[in-house]
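K.L.:
For what it's worth, this note's numbering labels the leading residue of the sequence shown as 341, then goes sequentially.
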Amino acid sequence: MLTLSKFQQTTGVSSALAQKWFPVVNAAMQKYGINTPLRQAHFLAQVGHESSGFVHTEESLNYRYGALLAMFGNRISQEEALRYGRVDSGQNAHPADQKMIGSIIYANRNGNGDRNTGDGYRYRGRGLIQVTGKANYAALVKQLGVDIVQNPELLTQPQYAAESAAAWWSNHGLNSVADSDDVTRITRIINGGTNGLEDRKARLTKAKGVLCSV
């Protein structure tokens, strides 16, 4: 059984963060069948990575222009990256226009409208698993019992940040993938690629050491 102490050991968070997150994460895991040591180890490793150690529940779009081009060069032009991306020095120094960045790079994806709707920014990644896109928000409304399409910022609150992650996990069949102990496949389903795979693996190894040891 997962306890507050084991949660803190598994995630490596501070005592304050453990007390903040354990009750809602534990309740969410039980509700959505994340109820074996191996499933819990995989879930906590993934959401630990996605939230930078249970610190962030909202995606930052504070990209430098070079990073914008490197990561989203197929979605944003060089001119737009320079205009909206952060420039730290020189005559053209300016902060990132995160609203425009989100509106551009997430336009016409996952149920979002075009850049002029602002959907890309409005439905940027939130919650412990970084739910992204209007369609993905809409898919969770019934399960969460609150209208996160109209009020997307609700996903930054601990209860909904945790439950949205567990619901998304369950909806995408990740309990069965966790049963097969396939961290790479889980990462691809969550991330769309393998970004941060080594950190996810390290977190999983730590979690298994606490939760799955005999």
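Beta carbons: idealized from backbone N, C-alpha and C, even for Gly.
All figures in this text were calculated on a predicted structure; none of them were measured in a lab.
Say whether the segment 511-528 touches the segment 357-369, bearing in mind that this needs 3 or more beta-carbon pairs closer than 8 Å, one atom from each stretch.
P.N.:
no
K.L.:
Given a threshold of 16 other Cβ atoms within 10 Å of its Cβ, counted over all protein chains shown, does Met341 qualify as buried or as exposed?
P.N.:
exposed
K.L.:
Quickly, what does DSSP pair His434 with across the bridge? List them, please.
P.N.:
Beta-bridge pairing by DSSP links His434 to Val427.
K.L.:
Candidates His396, Ile526 and Glu398: which alpha carbon is nearest Lys541's?
P.N.:
Ile526
K.L.:
Is it buried or exposed, Asp310, if we count other Cβ atoms within 10 angstroms and call 16 or more buried?
P.N.:
For the chain, the structure presents residues 341 to 554; residue 310 sits outside this window and is missing.
K.L.:
Determine whether the beta carbon atoms of Tyr403 and Gly430 lie at a separation below 8 Å.
P.N.:
Not in contact: Tyr403 and Gly430 (Cβ atoms no closer than 8 Å).
K.L.:
Could you spell out where the alpha helix (DSSP H) holding Asp539 opens and where it closes?
P.N.:
Leu537 to Leu551
K.L.:
Is Val353 helix, strand or coil when you go by DSSP?
P.N.:
coil
K.L.:
In whole angstroms, give me the CA-to-CA distance for Ala501 and Asn456.
P.N.:
27 Å
K.L.:
Determine the closest residue to Gly467 out of Asn448, Glu390, Thr534 and Ser553, with distance taken between C-alpha atoms.
P.N.:
Glu390
K.L.:
At which residue ranges does the segment 466-524 contain complete alpha helix (DSSP H) runs of 4 or more residues, listed in the order of the chain?
P.N.:
474-478, 481-484, 498-511 and 514-519, all fully within the segment 466-524.
K.L.:
So, is Pro492 buried or exposed, given that buried needs 16 or more other C-beta atoms within 10 angstroms?
P.N.:
Its Cβ being crowded by 16 or more others within 10 Å, Pro492 is buried.
K.L.:
Which first and last residues belong to the alpha helix (DSSP H) in which His396 is found?
P.N.:
No alpha helix (DSSP H) contains His396, which DSSP labels as neither H nor E.
K.L.:
Return helix, strand or coil for Arg449, following the three-state DSSP convention.
P.N.:
coil
K.L.:
Check Arg464 in the structure and name its three-state DSSP category.
P.N.:
Looking at Arg464 - three-state DSSP - the assignment turns out to be coil, as it is neither helix nor strand.
K.L.:
Using the Cβ count rule (16 or more neighbours within 10 Å means buried), how would you classify Glu419?
P.N.:
exposed
K.L.:
Between the segment 467-486 and the segment 502-518, are three or more C-beta pairs nearer than 8 Å?
P.N.:
Because the criterion of three Cβ pairs below 8 Å is met, the segment 467-486 and the segment 502-518 touch.
K.L.:
What do you reckon, are the CB atoms on Leu401 and Gly442 nearer than 8 Å?
P.N.:
yes
K.L.:
Taking only three categories from DSSP, how would you classify Arg404?
P.N.:
strand
K.L.:
Would you mind giving the Cβ-Cβ distance between Arg449 and Gly473, rounded to the nearest angstrom? I have them listed as a contact below 8 Å.
P.N.:
6 Å
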